[in-house]
Structure formats: C-alpha cells, structure tokens
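Enquirer:
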Amino acid sequence: MADTKKLFIKTYGCQMNVYDSERMAEAMGSKGYTEVSSPEEADMILLNTCHIREKAAEKVYSELGRLKTLKTDKPDLKIGVAGCVAQAEGEEIMRRQPAVDLVVGPQSYHRLPEMEEEIQTGRKALDTDFPEEDKFDHLKSRPKAKRGPTAFLTVQEGCDKFCAFCVVPYTRGAEVSRPASRIVAEARDLVERGVREITLLGQNVNAYHGAAEDGSDTSLAQLIWQLDKIDGLERIRFTTSHPNDMTDDLIEAHGTCDKLMPYLHLPVQSGSDRILKAMNRKHTAEEYLKVIERIRAARPDIMLSGDFIVGFPGETDQDFEETMSLIRATNYGSAFSFKYSTRPGTPAAEKPQIDDGIASERLQRLQTLISEQQRAGQDSMVGRKVKVLFEKRGRREGQLIGKSEYLHATHAFAPDHLLGEVAEVLITASETNSLTGELVSS
Numbered sequence: 219m220a221d222t223k224k225l226f227i228k229t230y231g232c233q234m235n236v237y238d239s240e241r242m243a244e245a246m247g248s249k250g251y252t253e254v255s256s257p258e259e260a261d262m263i264l265l266n267t268c269h270i271r272e273k274a275a276e277k278v279y280s281e282l283g284r285l286k287t288l289k290t291d292k293p294d295l296k297i298g299v300a301g302c303v304a305q306a307e308g309e310e311i312m313r314r315q316p317a318v319d320l321v322v323g324p325q326s327y328h329r330l331p332e333m334e335e336e337i338q339t340g341r342k343a344l345d346t347d348f349p350e351e352d353k354f355d356h357l358k359s360r361p362k363a364k365r366g367p368t369a370f371l372t373v374q375e376g377c378d379k380f381c382a383f384c385v386v387p388y389t390r391g392a393e394v395s396r397p398a399s400r401i402v403a404e405a406r407d408l409v410e411r412g413v414r415e416i417t418l419l420g421q422n423v424n425a426y427h428g429a430a431e432d433g434s435d436t437s438l439a440q441l442i443w444q445l446d447k448i449d450g451l452e453r454i455r456f457t458t459s460h461p462n463d464m465t466d467d468l469i470e471a472h473g474t475c476d477k478l479m480p481y482l483h484l485p486v487q488s489g490s491d492r493i494l495k496a497m498n499r500k501h502t503a504e505e506y507l508k509v510i511e512r513i514r515a516a517r518p519d520i521m522l523s524g525d526f527i528v529g530f531p532g533e534t535d536q537d538f539e540e541t542m543s544l545i546r547a548t549n550y551g552s553a554f555s556f557k558y559s560t561r562p563g564t565p566a567a568e569k570p571q572i573d574d575g576i577a578s579e580r581l582q583r584l585q586t587l588i589s590e591q592q593r594a595g596q597d598s599m600v601g602r603k604v605k606v607l608f609e610k611r612g613r614r615e616g617q618l619i620g621k622s623e624y625l626h627a628t629h630a631f632a633p634d635h636l637l638g639e640v641a642e643v644l645i646t647a648s649e650t651n652s653l654t655g656e657l658v659s660s
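Right under this line is the structure:
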C-alpha cells in the first residue's frame with residue numbers, strides 16, 4: 219500500500235475560506251492526502267487566499283517566496299494557490315512565482331483531484347473559471363469523523379451588489395444559492411458527527427433564495443425554520459448580511475426561533491448618505507437605523523456587530539462625524555473597522571484618495587468609540603445568567619471555554635463531560651475580550 223501523502227493548507231480571511239479549506243482537504247482525501255500542521259511536513263501546500271484586505275496579493279507572493287525554498291530540499295513538493303487572490307491574479311501567479319504548480323479559483327476547487335493528477339506529470343494546472351456545475355454537488359461525501367461542537371456551512375456565494383470598494387463580485391461571481399434540501403442534509407450530517415451550532419455563510423447570506431423541492435424559492439428565514447427541526451442542533455447563526463435583505467420573515471425569526479442566536483452582524487460601512495451613495499450601498503443611514511429598530515423590536519436583547527470603512531475617497535470631516543453619530547445611535551457590541559485601501563479594478567480605486575494621516579486619525583477615534591461600546595456591552599453581562607456552548611479546555615486546570623448566545627467568549631470551571639454541551643453560567647466578571655462565570659447547578 220502506498221504511503222499516505224501529506225497536505226498542508228494555510229487559510230486566509232473569512233469564515234467562508236475556512237469552510238472551503240475543509241472541503242479542499244476532503245477533496246484531496248480522495249487522492250490519499252491527510253492534513254498536517256506544518257508546510258515542512260507536506261507533499262502538497264495549498265494557500266487558500268482572501269482578496270479583501272490591503273495588499274492581499276503581495277502578502278501571498280511574499281509567502282510563496284518563503285515556501286519556494288522548501289522545494290530545494292524536496293523537489294517533488296507541489297505548491298498551489300486557491301481562493302480569491304487566485305481568481306484575481308490567475309496565471310500571473312505562476313509567471314511571478316514559477317515554484318507554483320497549481321492555481322484554482324474558489325468556484326473550481328472540486329477539480330483539485332484532477333488538477334493534482336495533472337501536476338504530478340510535471341505540468342502546471344490553472345482553473346479560474348466559473349463552471350456551470352455545482353461544486354458542492356461534486357463534494358457530497360464527507361468522512362464521518364467526529365467534529366467539534368461548532369461548524370460553518372456555506373449556503374450562498376457571490377454578490378450582485380457591486381459596492382464600489384469591493385472585489386467579491388469579480389472573485390466569487392454572481393449570487394448563487396444552494397438548494398435547501400442539500401443544506402439540510404449537510405446540517406444533519408454535521409449534527410450526527412457532534413456539531414451543536416451551525417453558522418450559515420454567504421457573501422450576502424440573507425439574500426439566500428435556494429430552490430425548494432417543488433421548485434419554489436426558499437428564503438433564509440424558511441431555511442432557518444427547516445434547520446430548527448433538526449434534533450440535536452441547538453444553535454443557528456448566519457453571516458454576513460446586507461441591510462437591504464433583512465426581510466420581514468427574517469426579522470420575525472429573530473424574535474420567534476429559539477435556536478436562532480441573538481447576535482447579528484449587519485455591516486453599514488458609513489453613516490454618511492453621501493458616502494453611502496458613492497459606495498453604491500443602495501441604502502441610507504436612516505434606512506439602516508430603521509432596520510435596526512425593527513430588529514430590536516423583534517428581539518430586544520440582540521447583540522449587533524458591524525463593518526466600517528474610514529477614509530473612503532471623498533470623505534469629509536462632516537461625513538465622518540455622521541458615521542460616529544450612527545455608531546452612537548446603534549450601540550454596537552462589536553465591529554470591524556478599517557482604513558479604505560484600493561482594490562484594483564473596483565470603481566473607488568480610480569478616485570482621489572484621502573490623506574493617510576487623516577484616515578488614521580479618524581480610524582483611531584472610531585475604534586475608541588467602538589471599544590467603549592463593546593466594553594459596556596460586556597460589563598452589562600455581569601450578574602446575568604447566559605447559556606454557554608463549551609468548545610474546548612481552558613488554560614487552567616478544570617476550566618472550559620465556550621461562547622454565549624451573544625457570541626461572547628466565556629470561561630468557567632466545569633467538568634469535561636460538558637464539552638460540546640450547552641450549560642447555564644452566571645457571569646461574575648468582564649475581562650478584556652471575554653467573560654468569566656460560574657457554572658449554575660442544574
């Protein structure tokens with residue numbers, strides 16, 4: 219019997235890339251590969267890349283420069299680049315870094331086994347097409363190995379919004395939703411393997427409209443209610459959402475579906491209508507705040523998270539102050555915030571850029587406000603009882619760590635048999651980025 223081949227995958231960026239990396243490993247498992255924890259051990263290295271952050275492509279080329287030295291000692295080592303940088307750069311990756319054997323876009327990774335056969339003959343392999351076939355349909359079978367208590371599950375990919383700053387429509391393609399029955403079947407499989415919480419993923423997850431058995435469209439709310447019926451599945455989350463797709467039935471589900479957790483990531487990017495229009499967001503600050511009001515009416519205790527871009531081309535002091543006002547009005551539990559950086563090929567990249575020093579000062583002020591709100595939100599949990607899904611052991615003997623309904627990292631002393639289970643915890647202290655609590659006796 220041939221020796222098992224070893225695969226190392228380095229994952230950049232979003233949760234969807236984490237999910238994709240798992241599926242890549244499963245696809246390569248059919249060729250006899252098992253995952254290892256370091257590139258030095260590997261017979262094949264895959265970089266699953268993200269194009270959202272600043273200088274994403276250059277960071278990948280820098281990593282490839284480090285990895286190519288491994289080929290000196292191991293000439294048969296194969297190196298591949300997958301994901302959104304692969305989609306955006308294509309054969310340019312191989313031209314700039316000849317050590318790369320394989321480049322595959324995020325819609326074609328189901329072809330990895332075929333591409334692996336190709337590169338073993340000494341040829342290069344490139345696939346950055348948007349194939350008509352469903353890549354998920356080619357990856358139906360999962361090894362029945364035990365899983366941890368939480369898992370990501372992609373339900374929708376791509377984006378039709380074309381925000382002026384974003385490359386996703388170009389790297390992930392148009393919005394596509396998976397059939398509801400396949401998602402439910404995959405969710406059941408995950409639960410059978412130990413998963414208790416599933417996070418539904420999509421570039422615009424609340425734009426989900428997967429086909430039902432009768433050919434009609436299934437909304438995200440309808441999908442959530444189908445998942446709600448799965449015995450053993452205790453928690454449902456979803457990310458990332460667009461304000462324009464927060465439908466009535468989805469808002470209602472937040473108030474009526476017990477398994478849908480009281481946490482929502484709803485990016486807005488700016489509080490200035492002028493900048494929102496320049497970003498092509500297709501909503502105003504007031505419309506966003508009205509959506510928030512409706513969500514809180516349905517679920518008053520919901521914890522909100524957002525995204526903000528500071529220093530977008532044309533942003534004035536007044537525009538920035540309007541963003542700060544929106545943050546104060548919303549009162550976020552957490553948020554991601556960044557200075558605007560150009561993405562080649564996007565409309566905003568061609569516009570005059572804001573002075574970096576001004577953008578940095580604005581970002582610091584915004585992050586200070588967000589940090590104050592996050593701290594206040596955490597502090598308000600002290601004295602409350604929350605339900606924690608324990609995921610792993612803590613640093614201290616007898617300590618377990620998990621997440622509350624509100625996605626707060628929470629640690630408490632608890633017996634090991636509660637790993638993978640939900641237990642009630644009384645919060646006793648708010649730390650820098652976590653909560654401390656005591657197990658409530660049942």
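Heads up, the sequence shown stops at 660 in my numbering, and the numbers go up one at a time, no gaps.
Just so you know, even glycine gets a beta-carbon here, dropped at the ideal spot from N, CA and C.
#1: Buried or exposed, going by whether 16 or more other CB atoms sit within 10 Å of the CB of Thr474?
#2: What's the gap between the Cα of Glu244 and the Cα of Gln233?
#3: Is the beta carbon of Thr346 less than 7 Å from the beta carbon of Gly376?
#4: Taking only runs of the beta strand (DSSP E) that begin and end inside the region 274–362, which ones reach a length of at least 3 residues, in chain order?
#5: Report back the beta-carbon spacing between Ile297 and Asp319 to the nearest angstrom; my notes put them in contact at under 8 Å.
#6: Distance check for Ala392 and Gly420, CA to CA, integer angstroms please.
#7: Report, in whole angstroms, the separation of the C-beta atoms of Ser239 and Thr229, which I expect to be a contact under 8 Å.
#8: Measuring straight from C-alpha to C-alpha, what distance separates Arg453 and Val509?
#9: Would you call the region 446–460 in contact with the region 409–418, where contact means no fewer than 3 C-beta pairs closer than 8 Å?
#10: Alpha carbon to alpha carbon, how far is Ser543 from Arg241? Give it in angstroms, no decimals.
#11: Which one of Leu408, Arg613, Ile513, Asp574 has the shortest CA to CA distance from Pro480?
#12: Checking the sheet assignment: what are the DSSP bridge partners for Glu393?
#13: If I measure Cβ to Cβ from Asp463 and keep anything under 7 Å in the same chain, skipping five residues before and after, which residues do I get?
#14: For chain C, check one thing: does any of its Cβ atoms lie closer than 7 Å to the Cβ of Asp573?
#15: Would you check if the distance between the CB atom of Val528 and the CB atom of Lys557 is smaller than 7 Å?
#16: Please state the DSSP three-state secondary structure of Gly433.
#17: Once you ignore the five residues that flank Gly428 on each side, which residues in its own chain have a CB closer than 6 Å to its CB?
#18: So Ile278 and Val303 are in contact, right, with Cβ under 8 Å, and what is the actual spacing, rounded?
#19: Start and end of the alpha helix (DSSP H) containing Tyr237?
#20: Could you give the residue range of the alpha helix (DSSP H) that holds Lys508?
#21: Hey, Leu482 and Ile520: beta-carbon distance below 7 Å or not?
#22: Count the C-beta pairs between the region 606–619 and the region 562–578 that are closer than 8 Å, then say yes if the count reaches three, no if not.
#23: Looking only at its chain, what residues have a beta carbon closer than 6 Å to the beta carbon of Ile493, apart from the 5 residues adjacent to it on each side?
#24: What's the C-alpha gap between Ala403 and Glu281?
#25: Taking the CB atoms as reference points, tell me whether Ala471 and Leu408 lie closer together than 7 Å.
Expert: Answer, in terms of the structure:
#1: To locate residue 474, count along the sequence shown from 1; it is residue 256. Classification for Thr474: exposed.
#2: As a working note, residue 244 is residue 26 in the sequence shown. As a working note, residue 233 is residue 15 in the sequence shown. In a straight line, the C-alpha of Glu244 is about 17 Å away from that of Gln233.
#3: Indexing the sequence shown from 1 puts residue 346 at position 128. Indexing the sequence shown from 1 puts residue 376 at position 158. Against a cut-off of 7 Å, the Cβ pair of Gly376 and Thr346 comes out as no contact.
#4: 296–301, 320–322, 343–345
#5: As a working note, residue 297 is residue 79 in the sequence shown. As a working note, residue 319 is residue 101 in the sequence shown. The pair is a contact, with the Cβ atoms about 6 Å apart (cut-off 8 Å).
#6: Position 202 of the sequence shown, counted from the start, is the residue given in the question as residue 420. Position 174 of the sequence shown, counted from the start, is the residue given in the question as residue 392. Cα to Cα, Gly420 sits roughly 12 Å from Ala392.
#7: The sequence position of residue 239 within the sequence shown is 21, counting from 1. The sequence position of residue 229 within the sequence shown is 11, counting from 1. Right, the Cβ-Cβ distance comes to about 5 Å (below 8 Å), so this counts as a contact.
#8: Position 235 of the sequence shown, counted from the first residue, corresponds to residue 453. Position 291 of the sequence shown, counted from the first residue, corresponds to residue 509. Roughly 23 Å separates the two Cα atoms.
#9: yes
#10: As a working note, residue 241 is residue 23 in the sequence shown. As a working note, residue 543 is residue 325 in the sequence shown. Computed Cα separation, rounded: 42 Å.
#11: Mapped onto the sequence shown, residue 480 falls at position 262. The residue with the shortest Cα to Cα distance from Pro480 is Ile513.
#12: In the sequence shown, counting from the first residue as 1, residue 393 sits at position 175. DSSP output for Glu393 lists no bridge partner at all.
#13: Along the sequence shown, read from residue 1 onward, the residue named residue 463 stands at position 245. Closer than 7 Å at the Cβ level, and outside the excluded window around Asp463, lie Asn422, Asn424, Ala425.
#14: Considering every chain present, this structure includes no chain C. It has just one protein chain.
#15: Mapped onto the sequence shown, residue 528 falls at position 310. Mapped onto the sequence shown, residue 557 falls at position 339. Yes; because the gap between Cβ atoms is below 7 Å, this pair is in contact.
#16: By one-based count along the sequence shown, residue 433 stands at place 215. If DSSP states are grouped into helix, strand and coil, Gly433 belongs with coil.
#17: What you label residue 428 is simply residue 210 of the sequence shown in a count that begins at 1. The residues are Ser395, Arg396, Pro397, Ala398, Thr436.
#18: Walking along the sequence shown from the start, residue 278 turns up at place 60. Walking along the sequence shown from the start, residue 303 turns up at place 85. What sits at residue 278 in the sequence shown is Val, not Ile. So it is a contact: roughly 5 Å between Cβ atoms.
#19: Position 19 of the sequence shown, counted from the first residue, corresponds to residue 237. Where Tyr237 is concerned, the enclosing alpha helix (DSSP H) stretches over 233–247.
#20: Walking along the sequence shown from the start, residue 508 turns up at place 290. Residues 503–516.
#21: Here residue 482 refers to the residue found at position 264 of the sequence shown. Here residue 520 refers to the residue found at position 302 of the sequence shown. Contact: yes.
#22: Taking a contact to require three or more Cβ pairs closer than 8 Å, the region 606–619 and the region 562–578 do not qualify as touching.
#23: Residue 493 sits at position 275 when you count from the first residue of the sequence shown. Excluding residues within five positions, the ones whose Cβ falls inside 6 Å are Phe530, Glu533, Asp537.
#24: Locating residue 403 in the sequence shown gives position 185, counting from the first residue. Locating residue 281 in the sequence shown gives position 63, counting from the first residue. Roughly 37 Å separates the two Cα atoms.
#25: Taking the first residue of the sequence shown as 1, we reach residue 471 at position 253. Taking the first residue of the sequence shown as 1, we reach residue 408 at position 190. For Ala471 and Leu408, no; Cβs fall outside 7 Å.
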